[in-house]
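Going by our numbering, the first residue of the sequence shown is number 175, and it counts up by one from there.
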Amino acid sequence: MSKADKEASKKASQQQMLKHELEKGLASGVSKRNPAQIREAFRKAREAA
């Protein structure tokens, strides 16, 4: 596995985690971040990908 592959897979798992956190937070109604912060995090994740 090349270094680029490792990076890509790391990013993918981070996005998976983020998505899971988000769904868990929304489902439980206990999101520690406000919608603006969540949008900002998603925007950064998309740009980084």
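Ideal placement from N, C-alpha and C gives every residue a C-beta, glycine not left out.
None of these values were measured; they are calculated from a predicted model.
Requested in this report: Excluding the 5 residues preceding and the 5 following Gln189 in the sequence, name in chain order all residues of the same chain whose CB lies nearer than 6 Å to its CB.
Outcome: For the purposes of this step, residue 189 is taken as residue 15 along the sequence shown, with counting starting at 1. Within the same chain, Gln189 has close Cβ partners Ala219.
Report task. Return the CA-CA distance between Arg207 and Ala186, expressed in angstroms with no decimal places. Result -> Counted from its first residue, the sequence shown places residue 207 at position 33. Counted from its first residue, the sequence shown places residue 186 at position 12. Cα-Cα distance, rounded: 21 Å.
Query raised in the report: How is Arg207 classed by DSSP in three states: helix, strand or coil?
Result: Counting from 1 along the sequence shown, the entry for residue 207 is found at position 33. Three-state DSSP puts Arg207 in coil, outside helix and strand.
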